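K.L.:
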Amino acid sequence: MRILYYIYQVCIALPILLVLTILTAIVTIIGSLLGGAHIWGYYPGKIWSQLICLFLLIPVEVHGREKVHKRTSYIFVPNHQGSFDIFLIYGFLGRNFKWMMKKSLRKLPFVGKACESAGHIFVDRSGPKKILETIHQAKDSLKDGVSLVVFPEGARSFTGHMGYFKKGAFQLADDLQLAVVPVTIDGSFDILPRTGKWPKRHRMILTIHEPIPPKGKGIENIKASMNEAYTAVESALPLHYQGMVKNEDQDM
């Protein structure tokens, strides 16, 4: 069956998905230029992600959508198992949001320009002024129920286990007094681990946990929300992926 799945990927699924990716990027760019990045920056990417999972025959389960309110802005903090995290979050979170992503992703053909047009936020850590600009852009995006998705580990896992959480997302939530929503991604690593070359068929599960409202303001609130979010995210992982494993990439 695995060989048949690889043949299906190469001959059918991947050519279709390549065309869909280019079309989605073009629609996003043109739609955002004409106005309405709020719409064009989200729905084409959502449909694209759902189609990728559909054509690759990947089953998806979502738990906990009822825990968040549609007209409330949140900062979602998922673990980062692999490349398919993007499709799971974009396609199935069910909330209009902006990504906070690495600056290097802007260089991706079509996709980088589409993300820029859609108003997603590229993190520039080249200096204090650039970091401040990133924070201001994030603040401007969190309006009218639009949320922000940040991978607080900052890098994909090499093992399927979580690394440590960086405080950036929690600092922003503290500054804006917004609730943090822990999100657990399970299965993405089994589809395509960081060192893998070809996707395998495996189910993905997205678990949305109870929002963590601010309990004050300042460093104690940041630490408390970060620890609570970490515990919540880890709780929905299979036992064999629980326990922190240091990822050297996080220190870069």
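0 is the number of the first residue of the sequence shown in numbering that gives the first Met the number 0; add one for each residue after it. Backbone N, C-alpha and C define an ideal beta-carbon position, used for all residues, glycine too. As the structure is a prediction and not an experimental result, all values here were calculated from the model.
Judging by CA-CA distance, which residue of Ala12, Glu132, Met99 is the nearest neighbour of Ala117?
P.N.:
Comparing Cα-Cα distances from Ala117 to each of Ala12, Glu132, Met99, the minimum goes to Met99.
K.L.:
For Val61, which residues from the same chain have a beta carbon less than 6 Å from its beta carbon, with the 5 sequence-adjacent residues on both sides left out?
P.N.:
Phe91, Leu205
K.L.:
Pick out the complete alpha helix (DSSP H) segments inside the region 200–249, 4 residues or longer, and give them in chain order.
P.N.:
218–234
K.L.:
Can you tell me whether DSSP reads Val180 as helix, strand or coil?
P.N.:
strand
K.L.:
Could you give the DSSP three-state label for His62: helix, strand or coil?
P.N.:
Correct three-state label for His62: strand.
K.L.:
For Pro108, does the three-state DSSP call read helix, strand or coil?
P.N.:
coil
K.L.:
Quick one: what's got a C-beta closer than 6 Å to Phe164's C-beta in the same chain, skipping five residues either side?
P.N.:
Pro151, Met225, Tyr229
K.L.:
Just to check my reading of the structure: Leu104 and Ala137 have Cβ atoms closer than 8 Å, yes? What is that Cβ distance to the nearest angstrom?
P.N.:
Not really, about 16 Å apart at Cβ, beyond 8 Å.
K.L.:
Contact between the region 7–16 and the region 80–89: three or more CB pairs below 8 Å?
P.N.:
no
K.L.:
What first and last residue would you give for the beta strand (DSSP E) that runs through Lys97?
P.N.:
The continuous beta strand (DSSP E) containing Lys97 extends over residues 96–101.
K.L.:
Apply the 10 Å Cβ neighbour rule to Val149 and answer buried if 16 or more other Cβ atoms are within range, or exposed otherwise.
P.N.:
buried
K.L.:
Would you call the region 69–76 and the region 16–32 touching, i.e. three or more CB-CB distances under 8 Å?
P.N.:
no
K.L.:
Tell me which same chain residues have a C-beta within less than 7 Å of the C-beta of Phe83, skipping the five on either side of it?
P.N.:
Ser187, Ile190, Leu191, Met203
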